[in-house]
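One point on numbering: in my numbering, the residue at position 2 of the sequence shown is -9, and numbering is uninterrupted. Heads up, the beta-carbon is just placed ideally off N, CA and C, and yes, glycines get one too.
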Amino acid sequence: MTHPDTPKDGDFAEFLERKVSDVLLAGAAAVAPAAPDGLAPDASPQTLDDVLINGEEPTTELLEEMDALRQAAPLSDEELARQALEHPGADGDPSTPE
């Protein structure tokens, strides 16, 4: 006798994704309770991931930041090389700059 949740042939990946999604949604609801009335939750700045992946509408602040980046002067190859040599990276080794 098979369990009713047992996936059909070839549906195992979908089964796992559904189970993981259910667990993550249940965990998120338990970890992030709603803010009390009248208090805004701590909002971090909106990112491109929020807009592109999560489907949020871009905020005015994000649009202004993107416009400022678009209007900024491009960096020269020499400036990029100088910045890379100044920062040794996560390993802290200056002989392997980022």
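For a quick check, are the C-beta atoms of residue i and residue j less than 8 Å apart?
i, j, result
"E111", "P34", "Any property of residue 111 remains undetermined from this structure, which presents the chain solely from -10 to 87."
My output table needs one value for residue i: the three-state DSSP class, helix, strand or coil.
i, result
"E50", "helix"
"S10", "helix"
"A2", "helix"
Locate the alpha helix (DSSP H) running through residue i, then write down its first and last residues.
i, result
"E68", "D66 to E75"
"D38", "L37 to L41"
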